[in-house]
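Colleague: Mapping of the sequence shown onto this note's numbering: position 10 corresponds to residue -9, and the numbering continues sequentially without gaps.
Don't be surprised by glycine CBs; every beta carbon is placed ideally from N, CA and C.
Handing you a structure now.
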Amino acid sequence: MQASRGPLAPAQPPLSRDEAGSKNMLQLVQLRWVAVVGQVLTIGTVRYGLGIDLPLRQMALVVAALIGLNLLSLLRLRLRTPVGGLELFLVLAFDVAALTVQLYLSGGMTNPFVSLYLLQVTLAAVLLGQHGAWAVVAIAIACFLGLTLDYRPLLLPESLGADLFTLHLYGLLVCFILVAVLLMVFTTRISGNLRDRDAHLAHMRQQAVEEEHIIRMGLLASGAAHELSTPLATVSVILGDWQRMPALREMQDLQGEIDEMQAAIDRCKSIIGGILLSAGEARGEDPALTTIGAFLEDFLHEWELAHPSFGLTFRNELVEDIPIVADPALKQVLANLLVNAQEAPSPAVHLAASRDGDDLLLEVSDDGPGFAPGMLAEFGSPYRSTKGRTGGGLGLFLVVNVARKLGGTVTARNRPGRGATVTLTLPLAAIAIGEALEGDDDAR
C-alpha cells in the first residue's frame, strides 16, 4: 500500500489555551497546599521545639486565608470556564502578601525563609506575560523593602544564644532546598502545560491551513466538474442520436461499442455528480436513507463496474444492519483507500466492516510491502507520497480530513510479515439515524 501521511491525533491530545490555564491554576493550588503544610510544620517546630514565642493566632489566620483561597480556587476550576492571566496574577499576588505577613510576624528580614519570594517571582515569570510578571516582581521587591523597615522581632530564649547562628544557617539550608525542589517540580509541570498549549495552537494552525487547502481543492474540483458536464452532455446526446440511426443500428459491432461508450459517459456523469456532492454543492438535498449493509453493497457494485479486474474481497462482520444517512463523501473516502491499496504491488486487497462499541470500523488491507517508517510518520499530509509523482498524497490527505469532519479518525499500520492496514473509524452518531441508534443502544 502506497501512502502519504498527515498528522494523526496524538495519544494525548495537546492542551488548549483554556485547559493550560486551568492546569496551571491547579499547580498553584497544589503548591499552596505544600505551603500550608510547610508553614504548620515550621510554626510548630519553632514554637514547641525551640521554645520561641510566636503570634500563633495571627499566623493561623494567614494559614486559614491560604486554605480559603485554595478552596475558592478549586470551586473556580469546577466552573469549566477559562482561567485568564489576570486570575493567575491575583493569586500569585495574594501568595506574596501572605508570605509577607508571615515573615513580618516572625522576624522580617532576619527570617531565613525570606528567600521564598524567589519562588513566587519565578512562577510569575513562567506563568504570566511580561507586564504581569514585572508587576509581581515589583510587589515582591516592595514587600521585601518593607520588611527591612518594619517587622515584629522574635523574642529568643537565652538558652539559644550560643546556637542561634547555627540555627539560622540550618534555616537557610532548609529554605534553599525547599525553593530548589519546588521550583524544579512545579516549573517542570507548568512548562509542560505551556508546551502542550503551544502544540495545540500549532495543531490548530495546521488544521486551518489544511482546511483552506481543502476549500481550494473543492472549488477547483467543482469548477472542473461544471466544465466537464457540458461536453459530456453533448457527447451523450450524439451517442443517443447514433443509437437511433437505422444505418448504425444494423452494425452490431459498432452498436456494442456505442453502448460501451454510453456506459462510460454515464459513469463519468456519476463521478462528476459525486464530486459536486463532495464539494458541498448538493449536500443536504434529498439525503439518501439506507443501511450500512446496503450502502456498502451499493458501493461495492459501483466499484466492481468501474474496476472489473480489481481483486477485492469483502468481509462483513456487522451483527446488525443499522439505518444511516449516506454521506456521498464517505464513498469517495472508501474509493480513495481502495485506489491507494490498488497501486501497491499486492495480489489482493481486503475490505472489512465491523463495529466497536458506538464506532463503525472500515479496514482496507493489502499484501504489499507496507508503509516505510518515514511514510507512517507523515500519513495523511498532502504532497507526501511514495508514488513519485506530482500531487501525490492528496487522496489520503482528503481521507484523513473527511474522516475528521465526520468526527472519526484514520490510522495506518504495517501488518506482521507483509502488508498494511488502514482503518477508518467513524462514530455511528455521525451517520446513523438517531432513532435507530437509540433503539440499538436499548437492545444492547
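(1) First and last residue of the beta strand (DSSP E) that includes I305?
(2) With DSSP as the reference, identify every bridge partner of V155, one or two as the case may be.
(3) Less than 8 angstroms separating the beta-carbons of L100 and L163?
(4) Using only alpha-carbon positions, find the residue among R13, A410, V43 that is nearest to D337.
(5) State buried or exposed for D131, treating a residue as buried only when at least 16 other CB atoms are found within 10 Å of its CB.
(6) Would you mind sorting W284 into buried or exposed? The rule is 16 or more other CB atoms within 10 Å of its CB.
(7) Does DSSP classify V345 as helix, strand or coil?
(8) Give me, in chain order, the residues of the same chain whose beta-carbon lies closer than 8 angstroms to that of V508; leave out the 5 immediate sequence neighbours on both sides.
(9) Return the CA-CA distance between P354 and T392, expressed in angstroms with no decimal places.
(10) Please name the residue in D340, N5, V380 whose C-alpha comes closest to that of G65.
(11) So, S210 versus I246, is the Cβ gap smaller than 8 angstroms?
(12) Cα-Cα, which of T272, F295, Q39, N321 is closest to I303?
(13) For R396, which of helix, strand or coil comes out of DSSP?
(14) Between which two residues does the alpha helix (DSSP H) harbouring A46 extend?
(15) In chain order, what residues of the same chain have a beta carbon less than 7 angstroms from the beta carbon of G113, not counting five sequence neighbours either side?
(16) Comparing alpha-carbon positions, which option in E238, N92, R133 lies nearest L153?
(17) In whole angstroms, what separates the C-alpha of Q8 from that of V77?
(18) Could you check the C-alpha separation between L136 and M40 for me, to the nearest Å?
(19) Just to confirm before moving on: does the CB-CB distance between L387 and V345 stay below 8 angstroms?
(20) Exposed or buried, which one is Q187 when buried takes at least 16 other CB atoms within 10 Å?
(21) Measure the C-alpha to C-alpha separation of V17 and L47 and round it to an integer number of angstroms.
(22) Leaving out five residues before and five after I305 in sequence, what residues of the same chain have Cβ atoms less than 7 angstroms from its Cβ?
(23) Quick check on R264: buried or exposed, where buried means 16 or more other Cβ atoms within 10 Å of its Cβ?
(24) Using CA coordinates, which residue listed in A116, G400, R59, G292 is at the minimum distance from L73?
(25) Going by C-alpha to C-alpha distance, which of A310, D308, I120 sits closest to A79?
Modeller: Reading it off the structure:
(1) Reading the sequence shown from its first residue, position 324 is the one you call residue 305. From DSSP, the beta strand (DSSP E) with I305 extends over 304 to 307.
(2) In the sequence shown, residue 155 corresponds to position 174, counting from 1. Paired residues: none, contrary to the question.
(3) Working through the sequence shown from its first residue, we reach residue 100 at position 119. Working through the sequence shown from its first residue, we reach residue 163 at position 182. A contact, by the Cβ cut-off of 8 angstroms.
(4) Here the question's residue 337 lines up with position 356 in the sequence shown. Nearest of R13, A410, V43 to D337, Cα basis: A410.
(5) Position 150 of the sequence shown, counted from the first residue, corresponds to residue 131. Answer is exposed; the Cβ neighbour count stays below 16.
(6) Against the sequence shown, residue 284 aligns to sequence position 303. Flag for W284 reads buried.
(7) In the sequence shown, counting from the first residue as 1, residue 345 sits at position 364. Residue state, collapsed to three classes: strand.
(8) Outside the displayed span of the chain (-18 to 425) sits residue 508, for which this structure offers no information.
(9) By one-based count along the sequence shown, residue 354 stands at place 373. By one-based count along the sequence shown, residue 392 stands at place 411. Cα to Cα, the separation comes out at about 14 angstroms.
(10) The sequence position of residue 65 within the sequence shown is 84, counting from 1. If we check each option's Cα against that of G65, N5 comes out closest.
(11) Taking the first residue of the sequence shown as 1, we reach residue 210 at position 229. Taking the first residue of the sequence shown as 1, we reach residue 246 at position 265. Taking 8 angstroms as the Cβ cut-off, S210 and I246 do not qualify as a contacting pair.
(12) Locating residue 303 in the sequence shown gives position 322, where the first residue counts as 1. Distance check between I303 and each of T272, F295, Q39, N321 places T272 closest, using alpha-carbon atoms only.
(13) What you label residue 396 is simply residue 415 of the sequence shown in a count that begins at 1. For R396, the secondary structure class from DSSP, reduced to helix, strand or coil, is coil.
(14) As a working mapping, residue 46 is identified with position 65 in the sequence shown. Here the alpha helix (DSSP H) through A46 covers 37 to 58.
(15) Looking up residue 113 in the sequence shown gives position 132. Correct list, in chain order: G66, F70, A105.
(16) Walking along the sequence shown from the start, residue 153 turns up at place 172. Of the listed residues, the one whose Cα sits closest to L153 is N92.
(17) Taking the first residue of the sequence shown as 1, we reach residue 8 at position 27. Taking the first residue of the sequence shown as 1, we reach residue 77 at position 96. C-alpha separation (whole angstroms): 16 angstroms.
(18) Counting from 1 along the sequence shown, the entry for residue 136 is found at position 155. Counting from 1 along the sequence shown, the entry for residue 40 is found at position 59. Roughly 16 angstroms separates the two Cα atoms.
(19) Position 406 of the sequence shown, counted from the first residue, corresponds to residue 387. Position 364 of the sequence shown, counted from the first residue, corresponds to residue 345. No. Outside cutoff.
(20) Taking the first residue of the sequence shown as position 1, residue 187 is located at position 206. Q187 comes out exposed.
(21) Counted from its first residue, the sequence shown places residue 17 at position 36. Counted from its first residue, the sequence shown places residue 47 at position 66. Rounded to whole angstroms, the gap between the alpha carbons of V17 and L47 is 7 angstroms.
(22) Here residue 305 corresponds to residue number 324 of the sequence shown, with the count starting at 1. Contacts found: T271, T272, I273, F276, I412, A413, I414.
(23) Within the sequence shown, residue 264 is the residue found at index 283, counting from 1. Residue confidence is low: R264 scores 42 on pLDDT, short of 50, so the model does not pin down where it sits. Its coordinate-derived value is still stated next. Result: exposed.
(24) For the purposes of this step, residue 73 is taken as the residue at position 92 of the sequence shown. Nearest in C-alpha terms to L73, of all of A116, G400, R59, G292, is A116.
(25) Translated into the one-based positions of the sequence shown, residue 79 becomes position 98. Considering only alpha carbons, the answer is I120.
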